[in-house]
Amino acid sequence: MTDQSAGESASGALAAGTRRRALAEFWHYYSANTGAVIGLFVFAALVLMAIFAPLISPHLPQEQFRDSLLTPPAWQEGGKPMFLLGTDAVGRDILSRLIHGARYSLFIGLVVVVFALVSGIVLGILAGYFGGWVDALIMRVMDIILSFPSLLLALVLVAILGPGLFNAMLAIAIVLQPHFARLTRAAVMAEKNREYVTASRIAGASHLRLMLRTILPNCVAPLIVQATLSFSNAILEAAALGFLGMGAQPPIPEWGTMLATAREFILRAPWVVTFPGLAILITVLAINLVGDGLRDALDPKMKRS
Amino acid sequence: MLRYLLHKLALIIPTVFGISLAAFAFVRLLPGDPILALAGERGVSPERYNELIHQFGYDRPYVVQYLEYLRQVLTGDFGISIATKRPVLGEFQALFPATLELATVALIIAVLIGIPAGIFAAVKRGSWFDQATMGVALTGYSMPIFWWGLLLIIFFSGYLGWTPVSGRIGLQYFFRPTTGFMLIDSLISGRPGAFRSAVSHLILPSIVLATIPLAVIARQTRSAMLEVLSEDYVRTARAKGLSPRRVVGLHAFRNALIPIVTTIGLQVGTLMAGAILTETIFSWPGIGKWMIDAIGKRDYVVVQSGLLIIALIVMAVNLIVDVLYAVINPRIRVQ
Chain D
89 MTDQSAGESA
99 SGALAAGTRR
109 RALAEFWHYY
119 SANTGAVIGL
129 FVFAALVLMA
139 IFAPLISPHL
149 PQEQFRDSLL
159 TPPAWQEGGK
169 PMFLLGTDAV
179 GRDILSRLIH
189 GARYSLFIGL
199 VVVVFALVSG
209 IVLGILAGYF
219 GGWVDALIMR
229 VMDIILSFPS
239 LLLALVLVAI
249 LGPGLFNAML
259 AIAIVLQPHF
269 ARLTRAAVMA
279 EKNREYVTAS
289 RIAGASHLRL
299 MLRTILPNCV
309 APLIVQATLS
319 FSNAILEAAA
329 LGFLGMGAQP
339 PIPEWGTMLA
349 TAREFILRAP
359 WVVTFPGLAI
369 LITVLAINLV
379 GDGLRDALDP
389 KMKRS
Chain R
4 MLRYLLHKLA
14 LIIPTVFGIS
24 LAAFAFVRLL
34 PGDPILALAG
44 ERGVSPERYN
54 ELIHQFGYDR
64 PYVVQYLEYL
74 RQVLTGDFGI
84 SIATKRPVLG
94 EFQALFPATL
104 ELATVALIIA
114 VLIGIPAGIF
124 AAVKRGSWFD
134 QATMGVALTG
144 YSMPIFWWGL
154 LLIIFFSGYL
164 GWTPVSGRIG
174 LQYFFRPTTG
184 FMLIDSLISG
194 RPGAFRSAVS
204 HLILPSIVLA
214 TIPLAVIARQ
224 TRSAMLEVLS
234 EDYVRTARAK
244 GLSPRRVVGL
254 HAFRNALIPI
264 VTTIGLQVGT
274 LMAGAILTET
284 IFSWPGIGKW
294 MIDAIGKRDY
304 VVVQSGLLII
314 ALIVMAVNLI
324 VDVLYAVINP
334 RIRVQ
């Protein structure tokens, strides 16, 4: 009994050691890409900004300063130091709205990726593992989803479900999900006839165990990269839906929705348009930099060169 | 080759039915009543309502409605728009050239800049040109294009006053469309200034629509070239003393072309999605704006048939890309 537990804790320590070494190796390759490191720092800053939004934003996002409508940014003529990036048409502080908007965008990205990832993995494993008609049925449905332009399909789905933030997230997740299903299926099909899978099947592992514990962990790398790409995609698509009036509804300070309400002022007050879009661009760019870094660090082909 | 084509077609048929079924189902799932939408503000009496329901066939079982819809589509009848009372196919045909012109010009811009930029970046790997190009490409890839369009309007239309804000051509120029492509129509109209006006209307939307495909094509070209440039046959060609131009242009680029062509083909979906945003920002009278308006007005017939037509176009292009792929890469055909 004691022997066994000693052995278990030793193997646990060993696993922890391997994991630490794997992590160190991963960081070695990841940090070789300067852009990826910068992207990671920007992303971390955005996450902190979103978490501590109420503490760092100078004003409330919905607070209207009736005597300061369309105030230009502080450095421009007519700007006020209390509104660093200016105010919008009803006198709300743009900086405060952008800081709170980070919460929505990151939340959207997270929810969409989790939903798309989980459903895509489940469908992909089922298709790849069982093959036959299960595979044919699932993959044809994925083909159908992919043959509609993503934004158009998301728009129609939102029209069915009703405009709003949650429905927009659901629609985007449905649109992005086939990529995960396809990736998982391809990886599962490549792995399922390997010796180690056959070995555990002969050892009596159940279908569920074979799918989730034996095969899935070996398909993770491409899924991580795809998840990062989908995260930035989800933010862009949600902003586009917001911009078209089908996503988050005003007065929610979602960046795309802010752009939609700012459109009529583009020539009179360009700052109302400039900053929300810049926030989207910086966020998406940071995540894509991280994605590129992850792809390089996780791709065994790149390690050799 | 024929077998390969037939195999591809066989795979597509269930997808086509699936698409038509999806478009049919989406529209039945849309909230609101098509007859009340048709009647508009004035409303409709209960008798007239039942009459219309019967006339449009909405009282029949869904299976019958779907089969009837399929039969109509196969005979080229895509229904009558609820909002305009005109045939959907006619509206589509009138608006599609605008989108096609915009998308074609955007794709030409993306290919003409993206491929050379990607090749040079790969050949000069690690140079400042490579880093700058890839930096710009990643920025373009991350761009919210609806914002990008607004920025261009602020700068070029608002600040410099160089380009108009919306439409396809100045209002003073009016002529019957011959080809539907404003660039060509304005040229053959012979009206002085018409072509210039058409170009100045097209330039900003096409830049906006080209942004993401350009970035994707440049990135893909670079990585495909890098892969090929490290192959043995390229080293052999270099060792034989061929000029770098010949090695890159003939030996490397031709083999890198396969993933590049696939990437370009995949941009058609991106262009269609981008057209929705671009046409909305620039009031470009194409099918992207048409679909947005139809969704807004709950014009079910247009949404249903528009979805179907657009998905079929995307699929047809993907099929063409698959065939091209087999033409450039003989290895595919055998499999």
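Chain order of the listed sequences is D and R.
First residue of the first sequence: 89, per our numbering; consecutive thereafter.
First residue of the second sequence: 4, per our numbering; consecutive thereafter.
Here a beta-carbon is modelled for each residue, glycine too, at the ideal position from N, C-alpha and C.
Just so you know, these numbers come straight off a predicted model, no measurement behind them.
Residue from the options with nearest C-alpha to residue i
i: L355 of chain D; options: D:V313, D:D231, D:P160, D:A204; result: D:P160
i: D387 of chain D; options: D:A350, D:P364, D:V313, D:N321; result: D:V313
i: A218 of chain R; options: D:L373, D:L239, D:A315, D:E325; result: D:L373
i: W151 of chain R; options: R:K88, R:T283, R:P90; result: R:T283
i: V324 of chain R; options: R:I263, R:G299, R:I279; result: R:I263
i: H10 of chain R; options: R:P180, R:L322, R:I279, R:A227; result: R:L322
i: G379 of chain D; options: D:T175, D:G127, D:G333, D:A293; result: D:G127
i: G381 of chain D; options: D:A367, D:W115, D:F236; result: D:W115
i: P305 of chain D; options: D:V199, D:G220, D:I213; result: D:I213
i: I233 of chain D; options: R:L327, R:V330, R:I313; result: R:I313
i: T302 of chain D; options: D:K280, D:M137, D:A348, D:P237; result: D:K280
i: G289 of chain R; options: R:G117, R:Q134, R:A276; result: R:A276
i: L139 of chain R; options: D:G250, D:S119, D:A385, D:G123; result: For the record, residue 139 of chain R in the displayed sequence is Val; it is not Leu. Nearest option by C-alpha distance: D:G123.
i: Q270 of chain R; options: R:L14, R:V76, R:Q223, R:T18; result: R:Q223
i: V263 of chain D; options: D:G333, D:D231, D:A291; result: D:D231
i: E352 of chain D; options: D:D176, D:I368, D:G252, D:A328; result: D:D176
For residue i, three-class secondary structure by DSSP
i: D223 of chain D; result: helix
i: P310 of chain D; result: helix
i: P339 of chain D; result: coil
i: P90 of chain R; result: strand
i: D133 of chain R; result: helix
i: R392 of chain D; result: Low confidence applies to R392 of chain D: its pLDDT is 44, below 50, so where it sits in the model is not reliable enough to give any reading.
i: D181 of chain D; result: strand
i: I83 of chain R; result: strand
i: T175 of chain D; result: strand
i: P195 of chain R; result: coil
i: L61 of chain D; result: The requested residue 61 of chain D is not part of the displayed model; chain D covers only 89 to 393.
i: F95 of chain R; result: helix
i: T90 of chain D; result: Because the pLDDT at T90 of chain D is just 46, under 50, the model does not fix this residue reliably, and the value given afterwards should be weighed accordingly. Looking at T90 of chain D - three-state DSSP - the assignment turns out to be helix.
i: N121 of chain D; result: coil
i: P305 of chain D; result: helix
i: P64 of chain R; result: coil
i: D188 of chain R; result: helix
i: S193 of chain D; result: helix
i: D302 of chain R; result: coil
i: Q338 of chain R; result: Note that Q338 of chain R has pLDDT 47, beneath the 50 cutoff, so the model's placement of it is unreliable and the number below is only indicative. Reduced to three states, the DSSP call for Q338 of chain R is coil.
i: T182 of chain R; result: coil
i: I187 of chain D; result: helix
CB contact flag (residue i, residue j, <8 Å)
i: I226 of chain D; j: L211 of chain D; result: yes
i: A336 of chain D; j: I260 of chain D; result: no
i: G82 of chain R; j: S308 of chain R; result: yes
i: N376 of chain D; j: Y176 of chain R; result: no
i: V229 of chain D; j: G21 of chain R; result: yes
i: I182 of chain D; j: L194 of chain D; result: no
i: V130 of chain D; j: I370 of chain D; result: yes
i: C307 of chain D; j: V276 of chain D; result: yes
i: R179 of chain R; j: H204 of chain R; result: no
i: A113 of chain R; j: I220 of chain R; result: yes
i: Y303 of chain R; j: I56 of chain R; result: no
i: E325 of chain D; j: S238 of chain D; result: yes
i: F331 of chain D; j: A309 of chain D; result: no
i: R191 of chain D; j: A138 of chain D; result: yes
i: A247 of chain D; j: I298 of chain R; result: yes
i: V126 of chain R; j: V251 of chain R; result: yes
heavy atom of the ligand MG below 7 Å from residue i C-beta
i: P247 of chain R; result: This structure lacks the ligand MG; in fact it carries no ligand of any kind.
Short CB-CB distance (under 8 Å) between residue i and chain A
i: L355 of chain D; result: This model lacks chain A altogether, as its protein chains are D and R.
For the stretch 156 to 183 of chain R, which residues have a CB atom closer than 7 Å to at least one CB atom of chain D, in sequence order?
I156, I157, G161
Pairs of beta-carbons, one from the stretch 47 to 54 of chain R and one from the stretch 267 to 281 of chain D, closer than 8 Å: are there three or more?
no
Stretch pair the stretch 144 to 164 of chain R + the stretch 184 to 196 of chain R: three plus CB contacts closer than 8 Å
no
Could you tell me whether the stretch 184 to 195 of chain D touches the stretch 147 to 162 of chain D, where touching means 3 or more Cβ pairs closer than 8 Å?
yes
Report yes or no: do three or more beta-carbon pairs, one from the stretch 105 to 113 of chain R and one from the stretch 194 to 213 of chain R, lie closer than 8 Å?
yes
Which residues, in order along the stretch 366 to 386 of chain D, keep a beta-carbon less than 9 Å from a beta-carbon of chain R?
L366, I368, L369, I370, T371, V372, L373, A374, I375, N376, L377, D380
Inter-stretch contact at 8 Å, needing at least 3 Cβ pairs: the stretch 251 to 261 of chain R / the stretch 68 to 75 of chain R
no
Does the pairing of the stretch 197 to 217 of chain D with the stretch 332 to 351 of chain D give three or more beta-carbon distances under 8 Å?
no
Which residues of the stretch 118 to 146 of chain R have a Cβ closer than 7 Å to any Cβ of chain D? Give them in chain order.
L141, T142, Y144, S145, M146
Stretch-stretch touch, CB-based, cutoff 8 Å, three pairs: the stretch 222 to 230 of chain R with the stretch 270 to 284 of chain R
no
Determine contact between the stretch 300 to 320 of chain R and the stretch 14 to 31 of chain R, defined as no fewer than three beta-carbon pairs at a distance below 8 Å.
yes
Positions along the stretch 210 to 232 of chain D whose CB lies within less than 9 Å of some CB in chain R
A224, R228, V229, D231, I232
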